[in-house]
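The numbering of the sequence shown is the numbering used here, which starts it at 20 and goes up by one.
Even glycine gets a Cβ: it sits at the ideal position worked out from N, Cα and C.
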Amino acid sequence: MKKISITILTFISLVACAPNSDSTSDELSINYEKIELENGLNVIFHVDKSDPVVAVELMVHVGSAREIEGRTGFAHLFEHLLFLESENLGKGGLDKMSARIGGSGANGSTSRDRTNYLQTVPKDGLEKMIWAEADKLGYFINTVTDPVLAKEKQVVKNEKRQSYDNRPYGYNQYVIGKNLYPKDHPYNWQVIGSLEDLQNATLQDVKNFYKKWYVPNNATLVLSGDIDIEQATKWVHRYFDEIPKGTEEITALAKRPGLVKETKFIYYEDNFARVPQLTMVWPTVEAYHPDAYALDVLSQYLTEGKSAPLNQVLIADLKLTSYASMYSRNSELAGEIQVSVRAFNEGHLMEIKAGIEKAFLKFENEGISVKDLNRIKAGQETSFYRSLSSVLGKGNNLASYNTYLGNPGFATEDIKRTLAVTPADVQRVYEKYIKNKNYIATSFVPKNSAELALTGSKLAEIIEEKIITGAEESFDPKIAATYEKTTSSFDRSIEPKYGKTPALAVPEVYESSLENGLKIYGIENNEVPLIRFNLIVNGGQLLESIDKLGVANLTADLLNKGTKNKTTQALEKAIQELGATIYVYADKESITLSGTTLAKNYAKTLALAQEILLAPRFDTLEFDLLKNATIARLRQQEASPNALANSAYKKLIYGEKNIRSKNTLGTLASVAEITLDDLKAYYTNYISPSVAKILVVGAIPKEKVIASLQSLNTNWKAKEVVIPVYKTPEAPTKSVVYFYDIPNAKQSVLQFGAPALAATDSDYYAATVMNYILGGGGFASRLTQELREGKGYTYGIRSGFSGTKAKGTFTISSGVRSNVTLESAQAVQKILAAYPTTFSDKDLATTKSFLIKSNARAFETANAKLSMLSTMSAYGLKADYIRDRELTVQNMTKERIEELANTYINPNKMIWLVAGDAETQLERMTALGYGAPILLNKRQGKIKN
20 MKKISITILT FISLVACAPN SDSTSDELSI NYEKIELENG LNVIFHVDKS
70 DPVVAVELMV HVGSAREIEG RTGFAHLFEH LLFLESENLG KGGLDKMSAR
120 IGGSGANGST SRDRTNYLQT VPKDGLEKMI WAEADKLGYF INTVTDPVLA
170 KEKQVVKNEK RQSYDNRPYG YNQYVIGKNL YPKDHPYNWQ VIGSLEDLQN
220 ATLQDVKNFY KKWYVPNNAT LVLSGDIDIE QATKWVHRYF DEIPKGTEEI
270 TALAKRPGLV KETKFIYYED NFARVPQLTM VWPTVEAYHP DAYALDVLSQ
320 YLTEGKSAPL NQVLIADLKL TSYASMYSRN SELAGEIQVS VRAFNEGHLM
370 EIKAGIEKAF LKFENEGISV KDLNRIKAGQ ETSFYRSLSS VLGKGNNLAS
420 YNTYLGNPGF ATEDIKRTLA VTPADVQRVY EKYIKNKNYI ATSFVPKNSA
470 ELALTGSKLA EIIEEKIITG AEESFDPKIA ATYEKTTSSF DRSIEPKYGK
520 TPALAVPEVY ESSLENGLKI YGIENNEVPL IRFNLIVNGG QLLESIDKLG
570 VANLTADLLN KGTKNKTTQA LEKAIQELGA TIYVYADKES ITLSGTTLAK
620 NYAKTLALAQ EILLAPRFDT LEFDLLKNAT IARLRQQEAS PNALANSAYK
670 KLIYGEKNIR SKNTLGTLAS VAEITLDDLK AYYTNYISPS VAKILVVGAI
720 PKEKVIASLQ SLNTNWKAKE VVIPVYKTPE APTKSVVYFY DIPNAKQSVL
770 QFGAPALAAT DSDYYAATVM NYILGGGGFA SRLTQELREG KGYTYGIRSG
820 FSGTKAKGTF TISSGVRSNV TLESAQAVQK ILAAYPTTFS DKDLATTKSF
870 LIKSNARAFE TANAKLSMLS TMSAYGLKAD YIRDRELTVQ NMTKERIEEL
920 ANTYINPNKM IWLVAGDAET QLERMTALGY GAPILLNKRQ GKIKN
């Protein structure tokens, strides 16, 4: 066993200041120890006792790049399989254990180059997690059977439909990969793989993949948080030592850039797109290559902020779009840099291309200034600290550095390389990788609009799935695998005991208020030198006139666009030079000004926030640009099955005349009619401290927060604001099925539910407790276990209550395979009908265990603390309201669950909405038993597949 004990000393000097700055460096120390077991497993320990939680991450060095042609999607499929069962945890054992111990939920992800499995748990569950991770790595493969494999193929295919096939521009990256990388390059195919390859996967393929890649000598285990390293080391040895090293040699893959021998133009008529999109891609370098850091800066400089060359040309000058994006994607073997722009409705992509080239020429002539470079670096410094604000974030960084570089402490060098980038470096990488270089350009245009693509484009080769009822193979996942258990030196079927139960530590909250009525809620926390604040003004869209929908959203957006003394460009630069972010946004019930800053820059950041709030610019040009951008967003929503379903569902729940049924963006017609005077009137009448509060979390004491707000107290005058109350209708007296036609949809979007409870109702929290086993508990829930794990109909399904001070809904939502739309609805119907009387003692124990034990990690991150302040301030709760909720959980009984379920989740008094392909699914829905479905929109014409 090798043992290394290291401290990463990461120096974040404000290289983001001028070179001659005399500011001193801040030093951040991240302690870790690394050991290597005899079987090759790398284990990294990081101690952070700020919260009684531990993050556990197992990273295996295998992603889609280690697959072979004809078996694509295997690494990702394997990620799914590994959660299902292992010899000693049993079927669904990891998810069941995660629920019992109060974990964040077993999660994982697959990239081109690695697969990781991660979760945060209360510290008393650490030995259980080490036992479970060892079982996955060494005692899993015997439990995979043909029925299990068949079912999980359907789950993964549903994920592909949901994430790629059934959304606008979903095939874009597939087309790019096929043309940027040669056929034999590991990045030629997508991580998700192809439906055909997934279907052709055999059980022996799975076993071969496991045998080669899922071995200790190809994995890294990271334990990060409130741990005792000596004890954790003993547990690691106990559970991992006897897992054998892999027998096949694992050789590193060679770095290999993409290859574009000549510039290619490719187009595709996208069934879901409503506006054309151009993407231009150049091959670059792999992750951690010296040039990767300058490429990151280049992509940010060209597209982020008002002064960015692409924004100046495409948005301000040519007015061809409302948004341009550019990012540098650097993977283990190769990299690429992409520019992507969606034109306004019916805009020709040749104009977009010309605009991009004009912006590039502007950069060639002007370059990047030292001031702009330092502004970007300041933001990178803040982002670095934010990545370390949770034990999971720190653990993931350690795992990634170790997997790719063999050095968990590479953060020091990583930061040095970032901060060492010079203006000359940025200019150099532009000339080396973009200027006059061959590239791939994809034009994704609406159906029947091929003329909008780049001239000379060739049609992309994409095979879309056909919707055929009964096309999928049948399987019975309940058939248990029979096998001889893997031998072990001790009985691994015995789950380890809990450690010492951590005490519930509720953050200390301070409250105050200003003379003008502004309420103050805060939590001091010094784990990282960051401060986050949300200034929330109640009202939001509720204060709009029904014929002026979208005013609150545009008002919030326009507040971001300069002040009386600063243009939009000047304001953005002032914020970025501090490494801060300030953003104003609106929702149904409020307008929020949200800020994040380094603690040392808090005063300056708050001053800018006050300037935004009290001295808006109301620039006419910016207003026109925002209107165009909002209209573009609304048009894009017309192509999103999820957005269409959500809009239809809200209208069915609340009714057309209730503003809660409306899109916060407004409508195409309403936004077109809004004037700048409408926004000024909204601001003048409704932005008042009398209906506002500020929430502050971070490295600053109460006294300094209150002192810092005295200028707001003096300069922000209160006015009376009366927020209208819109009554939520009662639940329907009988169930009705509604259908929204989305031709050729590969999935049906389901939204089933009814009006239910306000968050202030006495039953509200109890009802959320009742819902945990139904659909609020992830993989512990019946809906997930039946529709995903049991039948393979969906990638995910959930249920929950959404009340605020106003009565909200109980809603079940999912995206299911089109050809099992009816069967999915019937399965939900059956679960709801049986739930009140089948909720068991075991269900009650699982619910109580999760909801109580998970409180140990309830306040770990700044986001969690802000959420706590938001909840208590919104509903008049005590700072320790979580203790009252614990009592609700502890006192819960099966009889109370039955009562709540009968009252709030009656399947015969619900709205059953399906958004999908009417041609194949509409008539079938009659069999649900609630009469013929009502078609909500005009039956669409059949479109090409």
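Since residue i is in the beta strand (DSSP E), which residue starts that stretch and which ends it?
| i | result |
| --- | --- |
| N135 | T134 to P141 |
| K712 | A711 to G717 |
| K274 | Segment: none, K274 is in no beta strand (DSSP E) and carries neither H nor E. |
| I555 | L549 to N557 |
| S347 | A343 to N349 |
| K283 | K283 to D289 |
| V528 | Element bounds for V528: n/a, residue is neither H nor E. |
| H65 | N61 to V66 |
Would you check if the distance between the CB atom of residue i and the CB atom of residue j is smaller than 8 Å?
| i | j | result |
| --- | --- | --- |
| L625 | S727 | yes |
| L392 | A362 | no |
| L100 | V225 | yes |
| G614 | A881 | no |
| I901 | V715 | no |
| Q766 | T830 | no |
| P660 | V768 | yes |
| L932 | Y517 | no |
| K913 | L955 | no |
| A777 | K826 | yes |
| S117 | F159 | no |
With burial defined as no fewer than 16 other Cβ atoms inside 10 Å of the residue's Cβ, what is the status of residue i: buried or exposed?
| i | result |
| --- | --- |
| P743 | exposed |
| A510 | The residue asked about is misnamed: residue 510 is Asp in this sequence, not Ala. When all chains shown are included, D510 counts as exposed. |
| V741 | exposed |
| G811 | buried |
| D203 | exposed |
| K280 | exposed |
| D495 | exposed |
| S40 | Any reading at S40 must be qualified, since the residue scores a pLDDT of 33, below 50, and its modelled position is unreliable; no value is offered. |
| R119 | buried |
| E563 | buried |
| G475 | exposed |
| D936 | buried |
| G1029 | In the structure as shown, the chain starts at 20 and stops at 964, and residue 1029 therefore has no counterpart that could be examined. |
| P295 | buried |
According to DSSP, is residue i helix, strand or coil?
| i | result |
| --- | --- |
| S117 | helix |
| M911 | coil |
| N661 | helix |
| G935 | strand |
| S886 | helix |
| M970 | It is not possible to answer for residue 970, since the shown part of the chain is limited to 20 through 964. |
| M944 | helix |
| N956 | coil |
| P166 | helix |
| Q223 | helix |
| D780 | coil |
| R511 | coil |
| G244 | strand |
| G127 | strand |
| K619 | helix |
| Y949 | coil |
| S833 | strand |
At which residues does the alpha helix (DSSP H) containing residue i begin and terminate?
| i | result |
| --- | --- |
| P855 | T840 to T857 |
| I395 | V389 to S406 |
| Q296 | Q296 -> not in any alpha helix (DSSP H); beta strand (DSSP E) instead, spanning Q296 to P302. |
| P309 | P309 to T322 |
| A688 | L687 to E692 |
Flag residue i as yes if its beta-carbon sits less than 8 Å from any beta-carbon of chain B, otherwise no.
| i | result |
| --- | --- |
| I631 | Protein chain content of the structure displayed is limited to a single chain, and chain B is not contained in it. |
*asked:* Does the structure place the stretch 677-685 close enough to the stretch 711-724 that three or more beta carbon pairs sit under 8 Å?
replied: Because the criterion of three Cβ pairs below 8 Å is not met, the stretch 711-724 and the stretch 677-685 do not touch.
*If we count Cβ pairs, one from each stretch, closer than 8 Å, do we get three or more for the stretch 553-562 versus the stretch 600-610?*
Result yes; three or more Cβ-Cβ pairs closer than 8 Å.
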